[in-house]
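At position 193 of the sequence shown the residue is numbered 441 (my numbering), and the sequence of numbers has no breaks. For reference, the structure discussed in these notes is given below.
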Amino acid sequence: MTAFQTPAPIAVAVDVLAGQVTVTASDRTDTVVEVRPADPAKKGDVRAAASTLVDFADGVLTVKTPKQWRTYTPFGGNPTIEVSIAVPTGSRLSGTAGVGRILGAGELGDTTLEIAVGEIIVERPGGSVTAKAAKGDIRIGRAARGVMRLETSVGELEVGIHPGSAAHLDTNGAVSNQLSPVGAGEVETVQVIARNALGNIIIRHAA
249 MTAFQTPAPI AVAVDVLAGQ VTVTASDRTD TVVEVRPADP AKKGDVRAAA STLVDFADGV
309 LTVKTPKQWR TYTPFGGNPT IEVSIAVPTG SRLSGTAGVG RILGAGELGD TTLEIAVGEI
369 IVERPGGSVT AKAAKGDIRI GRAARGVMRL ETSVGELEVG IHPGSAAHLD TNGAVSNQLS
429 PVGAGEVETV QVIARNALGN IIIRHAA
């Protein structure tokens with residue numbers, strides 16, 4: 249586990265080949281990073297976790313899998329890691345992964361995520377989100393404002409709209425719009441730009 253004093257929101261940049269990445273924003277004055285092997289019994293996972301680079305400089309936290317661990321092995325699979333990061337509320341997040349899941353929890357700032365195969369979840373974005381998957385699902389739990397740019401070739405796109413916020417939809421794909429009309433008056437607007445080649449686009453009220 250690695251900790252840094254961060255009294256203000258920071259920027260997070262994560263780049264891993266295979267694994268589960270969880271970034272949680274909360275009211276705190278430090279940033280804590282933990283990198284673990286997905287399976288402690290697998291030597292490849294253990295070495296990949298031990299070799300993952302963690303660095304913090306000029307307000308930017310970088311977590312990156314070294315290049316020697318970024319080659320796909322067709323018979324043994326990819327060395328897989330688990331990354332947990334706790335950051336101050338409002339921190340920005342950018343992340344890429346080859347295979348796995350990226351989860352943004354708490355109120356993050358602007359977020360940009362990309363995954364080849366797997367799942368992207370942003371529970372409660374405080375800003376705009378750009379998320380792209382070659383094959384996989386993308387889910388936004390509760391968006392109150394900002395622009396949600398979502399794209400997948402195969403999978404499901406789901407956006408929960410904060411009650412009381414309006415939504416402007418620009419979609420390409422099979423759309424299920426479950427929203428009810430918003431009353432007159434000044435309300436915040438979520439712009440949803442969603443592209444899905446093969447799968448559903450679900451727009452609903454957040455629970």
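We put the beta carbon where it would ideally sit given N, CA and C, even for glycine. Note that the structure is a prediction, hence the values are computed from the model and not measured.
Checklist line | For G397, the nearest candidate out of A261, A379 and P336 (CA to CA) | finding: Here residue 397 refers to the residue found at position 149 of the sequence shown. A quick correction: the sequence has Arg, not Gly, at residue 397. If we check each option's Cα against that of R397, A379 comes out closest.
Notebook entry, point to check: Where does the unbroken alpha helix (DSSP H) through G292 begin, and where does it stop?
Noted result: Taking the sequence shown and counting its residues from 1, the one referred to as residue 292 is at position 44. Run containing G292: K291 to S299, per the alpha helix (DSSP H) assignment.
Next item on the list: Can you grab the Cα-Cα spacing for the pair T437 / A289, in whole Å?
Entry: In the sequence shown, counting from the first residue as 1, residue 437 sits at position 189. In the sequence shown, counting from the first residue as 1, residue 289 sits at position 41. In a straight line, the C-alpha of T437 is about 48 Å away from that of A289.
Check: Any idea if G348 is buried or exposed, counting beta-carbon neighbours within 10 angstroms, 16 or more meaning buried?
Finding: As a working note, residue 348 is residue 100 in the sequence shown. Sixteen is the threshold: when 16 or more other Cβ atoms of the shown chains lie within 10 Å of the Cβ of G348, as they do, the residue is buried.
Next item on the list: Can you check DSSP and say which residues form a bridge with I450?
Entry: Position 202 of the sequence shown, counting from 1, holds the residue named residue 450. For I450, which the question treats as bridged, DSSP gives the partners E406 and S424.
Notebook entry, point to check: Does the beta-carbon of V308 have 16 or more other beta-carbons within 10 angstroms, so that it is buried, or is it exposed?
Noted result: Numbered from 1 along the sequence shown, position 60 holds the residue referred to as residue 308. V308 comes out exposed.
Check: What's the gap between the Cα of I450 and the Cα of R340?
Finding: Within the sequence shown, the letter at position 202 stands for residue 450. Within the sequence shown, the letter at position 92 stands for residue 340. Those two C-alpha atoms are separated by around 25 Å.
Next item on the list: Using a threshold of 7 Å, state whether the C-beta atoms of L351 and T313 are closer than that.
Entry: Taking the sequence shown and counting its residues from 1, the one referred to as residue 351 is at position 103. Taking the sequence shown and counting its residues from 1, the one referred to as residue 313 is at position 65. L351 places its beta carbon 7 Å or farther from that of T313.
Next item on the list: Please report how far the alpha carbon of I369 lies from the alpha carbon of V430, in whole angstroms.
Entry: To locate residue 369, count along the sequence shown from 1; it is residue 121. To locate residue 430, count along the sequence shown from 1; it is residue 182. Rounded to whole angstroms, I369 to V430 spans 26 Å at the Cα level.
Note to self: Quick check: the Cα distance between F323 and A298, rounded to an integer number of angstroms?
What the structure shows: Within the sequence shown, numbered from 1, the residue matching residue 323 stands at position 75. Within the sequence shown, numbered from 1, the residue matching residue 298 stands at position 50. Confidence is the limiting factor: at F323 the pLDDT is only 48, short of 50, which leaves the residue's position unreliable, though a coordinate-based value still follows. Going from the Cα of F323 to the Cα of A298 covers about 22 Å.
Next item on the list: Please confirm whether T254 and D278 have their CB atoms less than 7 Å apart.
Entry: Stepping through the sequence shown from its first residue, residue 254 is reached at position 6. Stepping through the sequence shown from its first residue, residue 278 is reached at position 30. Cβ atoms of T254 and D278: closer than 7 Å.
Next item on the list: Keeping to the same chain, check which residues put their C-beta closer than 6 Å to that of E367; ignore five residues upstream and five downstream.
Entry: Here residue 367 corresponds to residue number 119 of the sequence shown, with the count starting at 1. Listed in chain order, the non-local C-beta contacts of E367 below 6 Å within the same chain comprise R349, G384 and D385, local neighbours out to five positions each way being set aside.
Check: What is the DSSP secondary structure of A379, reduced to helix, strand or coil?
Finding: Sequence index remark: in the sequence shown, residue 379 carries index 131 (1-based). In the structure shown, A379 sits in a strand (DSSP, three-state: E or B).
Margin query: To the nearest angstrom, how far is the alpha carbon of S342 from that of S428?
Written below: Within the sequence shown, numbered from 1, the residue matching residue 342 stands at position 94. Within the sequence shown, numbered from 1, the residue matching residue 428 stands at position 180. S342 and S428: Cα-Cα distance of roughly 32 Å.
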